[in-house]
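The structure under discussion appears below in the form of structure tokens.
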Amino acid sequence: MDISGSLTCVVVAVDGSEVSMEALRWALDNLKLSSSSSDSSFVILHIQPSPSVAAGVSPGTIPFGGPS
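Numbering (numbering that gives the first Met the number 0), first residue to last: 0 to 67.
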């Protein structure tokens with residue numbers, strides 16, 4: 000695939016998976032930024048999953064302390 004023209008910004012998101020690394024390799028091999036613009040940028044956006052907050056929200060059952 001030949002992508003030519005005047006790209007001034009390329010953003011590639013990676014998350015550590017092999018598929019995202021292949022996308023990064025493809026972008027580096029195939030996309031060319033416009034050299035005439037000093038504002039050109041190639042951004043690698045590292046994505047991480049947000050931590051699960053559900054584990055701390057529900058502490059489970061709490062004994063009532065009354066007769067059972």
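Where is the CB? At the ideal position from N, CA and C, for every residue including glycine.
Alpha helix (DSSP H) segment containing residue i, residue limits
i: L23; result: 17-29
Nearest candidate by alpha-carbon position, reference residue i, set the options
i: A22; options: L44, P48, L32; result: L44
Sequence-distant residues of its chain with Cβ nearer than 7 Å to residue i (five each side left out)
i: D38; result: T7
i: V10; result: V42, L44
i: A26; result: V9, V11
Bridge partners - residue i, DSSP secondary structure assignment
i: I43; result: V11
Neighbourhood of residue i by C-beta, 8 Å cutoff - its chain only, sequence neighbours within 5 removed
i: R24; result: none
Chain-order list of residues whose beta-carbon lies under 6 Å from that of residue i (same chain, five-residue window excluded)
i: S19; result: V13
Proximity test, Cβ basis, 8 Å: residue i and chain B
i: D38; result: Of the protein chains in the structure, only one exists, and it is not chain B.
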